[in-house]
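In my numbering, the protein residues as written are 175 to 286. Positions of the beta carbon are idealized from the N, C-alpha and C atoms, including for glycine. Predicted model, so just to flag it, every value in this text is computed and none were measured.
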């Protein structure tokens, strides 16, 4: 499941469970639908994500590329230790901005 809500100009996507070959297509479809509806600034709240596979990483990179083309951005917030390790080992910490919570991610946009 994926909870979605709006704060200011930010859309927050809150996937629950694992993002892997079984579930990544749901997240990808939801992100694409949102981007096609005009969402440009998206925070992925990773609070309740236990695991991210290479399929999930592919979804993140594709969504970020599409958002960049539309002058938007994809940010991560609140990853637990396991997810932080996956993001670090996969090199995503070098590509994406990661914030300790949604409030910090939202503030980063309001500063621009």
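Assigned exposure category for residue i - 16 Cβ within 10 Å defines buried
i, result
"residue 253", "buried"
"residue 199", "exposed"
"residue 219", "buried"
"residue 251", "buried"
"residue 212", "exposed"
Beta strand (DSSP E) segment containing residue i, residue limits
i, result
"residue 190", "Per DSSP, residue 190 belongs to no beta strand (DSSP E) and is neither H nor E."
"residue 181", "176-181"
Beta-carbon proximity list for residue i, same chain, < 6 Å, skipping 5 on both sides
i, result
"residue 225", "192"
Contacting residues, own chain, Cβ-Cβ under 8 Å from residue i (five flanking each side not counted)
i, result
"residue 245", "214"
Three CB pairs or more closer than 8 Å across the stretch 271-284 and the stretch 233-242
no
What residue ranges within the stretch 192-267 form continuous alpha helix (DSSP H) runs of no fewer than 4 residues, ordered along the chain?
198-210, 228-243 and 255-263
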